[in-house]
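Asker: Sequential numbering of the sequence shown, starting at 288, is according to the numbering used here.
All C-beta atoms, glycine included, are put in the ideal place defined by N, C-alpha and C.
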Amino acid sequence: MKTLTAVATALLMSAAAPAFAWEGQVVACYDKIFVPAEFKTSKTLHKPARTVWEHKGDQMVEVYYPAMFLEHRTLVTEAHYVKRKAPCRH
Numbered sequence: 288m289k290t291l292t293a294v295a296t297a298l299l300m301s302a303a304a305p306a307f308a309w310e311g312q313v314v315a316c317y318d319k320i321f322v323p324a325e326f327k328t329s330k331t332l333h334k335p336a337r338t339v340w341e342h343k344g345d346q347m348v349e350v351y352y353p354a355m356f357l358e359h360r361t362l363v364t365e366a367h368y369v370k371r372k373a374p375c376r377h
């Protein structure tokens, strides 16, 4: 009978042991922050600014066309997530 009681007690304690193992303290909390991709942009001249004489009805009109540029984008840093320390909300 003593052996059966000792075995039963050992079984109950071994079943409860995993529950005790997961009790811990919160050390720090972090938020997951999304950082969008970063690009370096540059532009090159496509068409220079110009002034043109055009016929509008029975008049000659001087029309100004501004310069046109092409924009080139180069990827500097890809989009990613960072951890930022935050107050715990639990």
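Between K327 and R371, what straight-line distance do the alpha-carbon atoms span, to the nearest angstrom?
Answerer: 25 Å
Asker: For F356, which residues of its own chain have a beta-carbon under 7 Å away from its beta-carbon, when the five flanking residues on both sides are left out?
Answerer: K330, T331, L332, H333
Asker: What does a CB cutoff of less than 8 Å around T338 pick up in its chain, not counting 5 residues either side in sequence?
Answerer: E349, V350, Y351, Y352
Asker: Terminal residues of the continuous beta strand (DSSP E) containing C316?
Answerer: According to the DSSP assignment, C316 belongs to the beta strand (DSSP E) that extends over 316–322.
Asker: Do the CB positions of T361 and E325 come within less than 7 Å of each other?
Answerer: no
Asker: What is the residue span of the beta strand (DSSP E) that A373 lies within?
Answerer: 367–373
Asker: Rounding to the nearest angstrom, what Cα-Cα distance links E341 and I320 in this structure?
Answerer: Cα to Cα, the separation comes out at about 55 Å.
Asker: Taking the straight line between their C-alpha atoms, what separation do you get for L315 and A336?
Answerer: The residue you asked about is not Leu; residue 315 is Ala in the sequence shown. Spanning the two alpha carbons is a distance of roughly 59 Å.
Asker: CA-CA distance, Y368 and V322?
Answerer: When rounded, the distance between both Cα atoms is 6 Å.
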